[in-house]
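Quick note: the sequence shown uses this note's numbering, first residue 167, plus one each step. Here the structure comes first, spelled out in structure tokens, and everything after it is commentary.
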Amino acid sequence: MPTELPSSSAASTARLSTWRTPFVIVGFGCLISLIAFGPRSTFGFFLTPMSSAHHWGRDAFAFALAIQNLLWGAGQPVAGILADRFGAPRVLSVGAVLYAVGLVLMAHATNEPTLDLSAGVLLGFGLSGSSFMVILAAFGKLLPPQHRSLAFGAGTAAGSFGQFLYSPIAVLLMDQFGWQQTLTIFAVSMMAVLPLSLALATPKTQETKPSQGKTLAAPQSLRQALGEALGHRSYMLLVLGFFTCGFQLQFITVHLPAYLIDRGLSAAIGGWTIASIGLFNIIGSLTSGWLGDRMPKRYLLSIIYFVRAAAILAFIWFPVTPFSCIAFGATMGLMWLSTVPPTNGIIALLFGTQWLATLSGLAFFSHQVGGFLGVWLGGIVFDRTGSYDAVWWLAIVFGVLSALINLPIVEKPVPRLAAMPA
């Protein structure tokens, strides 16, 4: 940001500062996270009525959601670059519009290509622009370092609460108005993101040019930022560990209900297990954010990955009962998205916040690649062996490896920032 602002810009900034308090910034960001994650968490309720109405196999709906997850991950670094360049509100607003258009088109999709375009492409890129990664990066730029980790936890927990809240809302709306109208109502709700995003206005990042003079502390171009991060050992270890997070989460989310039915339990138990994950995820995300301000974040990540591995081992080792399922869901929920606050916190500590959305987006892409492989391998292994055992053990091995991989991370600003104030 220039050292001297024009008088009009200074006046505008002064006016904004009167209402954009840390409480407002975090509160509005959490509302956006809740609104964006809510509809996505309900798509499972639409599988049966949409497939029945259009005489599709379930694979058609599943393929569209697979595209969504992959493009969400692929689009996240791009959304991060744009947010760092042009500010979070523009990216959040465009993402919300794409999200809304995708929901409306999904409601009126009568063939599989249209479903792939709406539920897959538009919603995937819409999530890239409106998801919590852009929001957390804005928190990192706008809030003081001592409050960042807790704010990261709050933003992540808000998305989890959206998943918990929107499920009964979706069921109620579908009973009252039908599935098409429900999707349309969700699309309209996404428009609330546009005014809410104004609270997350961040300084626009400019490419470094000799003529600019001193505009930012240790300014960087995008190419310099990417080269610095991709050549940094601690960042690469962090990204590798985040792959495991996606692998475990998506495998469990997609395949756990079927696994429980195979073990003779009812579908309701699977639903309660997933619900317990969402509920305890709120507690886990907030706690992780709080702990991230009070202990080394690499140790926190190692503990999370190790506890996950131990929980999965205990779950598949002992008899599967309704009690063990809920206990497993609660334990995994505490660890579910609790990796996000310390991961973003380490990135901000290492490289500063200038390109935080970009570098967090690259890490999230690793997460989504892991998720894609977790879902895909789960299906392939079960089709070929009639069992998920191999993938469960792979999830355990990945968890232990990630616990070890995060330990050598050095939580120290790069030399470019080491001599500068936080």
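We treat Cβ as the ideally placed atom computed from N, Cα and C, and that holds for glycine.
#1: Report, in whole angstroms, the separation of the C-beta atoms of M356 and A262, which I expect to be a contact under 8 Å.
#2: From F330 to A324, what distance separates their C-alpha atoms?
#3: In the DSSP assignment, find the alpha helix (DSSP H) that holds R550 and state where it starts and stops.
#4: Any contact between the segment 415–427 and the segment 534–541? By contact I mean 3 or more CB pairs, one from each, below 8 Å.
#5: How is F484 classed by DSSP in three states: helix, strand or coil?
#6: Return the residue from the list T410, Q234, T368 and H221 that minimises the CA-CA distance to S468.
#7: Note down the Cα distance separating S504 from W345, rounded to an integer number of angstroms.
#8: Got a sec? Which residues, its chain only, sit under 7 Å from Y554 by beta carbon, not counting five neighbours each side?
#9: If you reduce the DSSP assignment to three classes, tell me which class Y265 lands in.
#10: Helix, strand or coil: which one does DSSP assign to L366?
#11: Assuming T348 and A336 are in contact, meaning their beta carbons sit under 8 Å apart, how far apart are those beta carbons, in whole angstroms?
#12: Does the distance from the C-beta atom of L309 to that of I191 stay below 8 Å?
#13: Just to confirm, is the Cβ distance from T318 to V473 under 8 Å?
#14: Could you pull out every residue in the same chain whose Cβ sits closer than 7 Å to the Cβ of A273, ignoring the five residues on either side in sequence?
#15: Can you tell which of T487, A529 and P462 has its C-alpha closest to the C-alpha of K578?
#16: Flag this pair as touching only if the segment 241–252 and the segment 523–533 have three or more C-beta atom pairs under 8 Å; answer yes or no.
#17: I need the DSSP call for I513, collapsed to helix, strand or coil.
#18: Quick check on R186: does DSSP put it in helix, strand or coil?
#19: Alpha carbon to alpha carbon, what distance is there between G565 and A230?
#20: In this structure, how does DSSP classify S377 when only helix, strand and coil are distinguished?
#21: Would DSSP call I469 helix, strand or coil?
#22: Taking only the alpha-carbon atoms, compute the straight-line gap between G450 and L457 and give it to the nearest angstrom.
#23: Flag this pair as touching only if the segment 360–367 and the segment 472–487 have three or more C-beta atom pairs under 8 Å; answer yes or no.
#24: Decide if G536 is buried, meaning its Cβ has at least 16 other Cβ atoms within 10 Å, or exposed.
#25: Can you name the start and end residues of the alpha helix (DSSP H) that L570 belongs to?
#26: Below 8 Å on the Cβ atoms is my contact criterion, and I expect L570 with P508 to pass it. Report the Cβ-Cβ distance as a whole number of Å.
#27: Please classify W238: is it buried, with 16 or more other beta-carbons within 10 angstroms of its beta-carbon, or exposed?
#28: For the alpha helix (DSSP H) that contains S296, what are its first and last residues?
This is what the structure holds:
#1: Translated into positions along the sequence shown, residue 356 becomes position 190. Translated into positions along the sequence shown, residue 262 becomes position 96. Between A262 and M356 the Cβ distance is about 5 Å, and since that is below 8 Å, they are a contact.
#2: Translated into the one-based positions of the sequence shown, residue 330 becomes position 164. Translated into the one-based positions of the sequence shown, residue 324 becomes position 158. About 10 Å.
#3: The residue labelled residue 550 in the question sits at position 384 within the sequence shown. Secondary structure note for R550: its alpha helix (DSSP H) is the uninterrupted segment L522 to T551.
#4: yes
#5: By one-based count along the sequence shown, residue 484 stands at place 318. Coil, per DSSP.
#6: For the purposes of this step, residue 468 is taken as the residue at position 302 of the sequence shown. Out of T410, Q234, T368 and H221, T410 has the C-alpha closest to the C-alpha of S468.
#7: Along the sequence shown, read from residue 1 onward, the residue named residue 504 stands at position 338. Along the sequence shown, read from residue 1 onward, the residue named residue 345 stands at position 179. The straight-line gap from Cα to Cα measures roughly 33 Å.
#8: Locating residue 554 in the sequence shown gives position 388, where the first residue counts as 1. For Y554, where only same-chain residues beyond five positions count, the Cβ hits under 7 Å are H421, Y425, G544, V547 and F548.
#9: On the sequence shown, residue 265 is found 99 positions in, with the first residue counted as 1. Y265: helix per DSSP, three-state reduction.
#10: Working through the sequence shown from its first residue, we reach residue 366 at position 200. Here L366 sits in helix by DSSP.
#11: For the purposes of this step, residue 348 is taken as residue 182 along the sequence shown, with counting starting at 1. For the purposes of this step, residue 336 is taken as residue 170 along the sequence shown, with counting starting at 1. About 6 Å separates the two Cβ atoms, so the contact holds.
#12: Walking along the sequence shown from the start, residue 309 turns up at place 143. Walking along the sequence shown from the start, residue 191 turns up at place 25. In this structure, I191 lies closer than 8 Å to L309 by Cβ.
#13: Mapped onto the sequence shown, residue 318 falls at position 152. Mapped onto the sequence shown, residue 473 falls at position 307. Per the sequence shown, residue 318 should be read as Phe rather than Thr. No, Cβ-Cβ distance for F318 and V473 is not below 8 Å.
#14: Position 107 of the sequence shown, counted from the start, is the residue given in the question as residue 273. Q346, L349 and T350.
#15: Counting from 1 along the sequence shown, the entry for residue 578 is found at position 412. Checking every option, the nearest Cα to that of K578 belongs to P462.
#16: yes
#17: As a first step, residue 513 is located in the sequence shown; it is residue number 347 there, counting from the start. DSSP places I513 within a helical segment (H, G or I) once states are collapsed to three.
#18: For this step, residue 186 is matched to residue 20 along the sequence shown. Three-state DSSP puts R186 in coil, outside helix and strand.
#19: As a position in the sequence shown, residue 230 is number 64, starting the count at 1. As a position in the sequence shown, residue 565 is number 399, starting the count at 1. For A230 and G565, the distance between alpha carbons rounds to 28 Å.
#20: Mapped onto the sequence shown, residue 377 falls at position 211. Confidence in S377 is poor, its pLDDT being 37 and thus under 50, which makes the residue's placement unreliable; the coordinate value appears in the next sentence. Of the three classes helix, strand and coil, the one that applies to S377 here is helix, per DSSP.
#21: To locate residue 469, count along the sequence shown from 1; it is residue 303. I469: helix per DSSP, three-state reduction.
#22: Counting from 1 along the sequence shown, the entry for residue 450 is found at position 284. Counting from 1 along the sequence shown, the entry for residue 457 is found at position 291. Computed Cα separation, rounded: 10 Å.
#23: no
#24: By 1-based counting over the sequence shown, the position of residue 536 is 370. That one is buried.
#25: The count along the sequence shown starts at 1 and reaches residue 570 at position 404. Unbroken alpha helix (DSSP H) run through L570: D555 to I571.
#26: Mapped onto the sequence shown, residue 570 falls at position 404. Mapped onto the sequence shown, residue 508 falls at position 342. Not confirmed; about 16 Å, so no contact.
#27: Here residue 238 is taken as the residue at index 72 of the sequence shown, counted from 1. The residue is buried, with at least 16 neighbouring Cβ atoms inside 10 Å.
#28: To locate residue 296, count along the sequence shown from 1; it is residue 130. Looking at the DSSP string, the run of the alpha helix (DSSP H) that includes S296 is L289 to S296.
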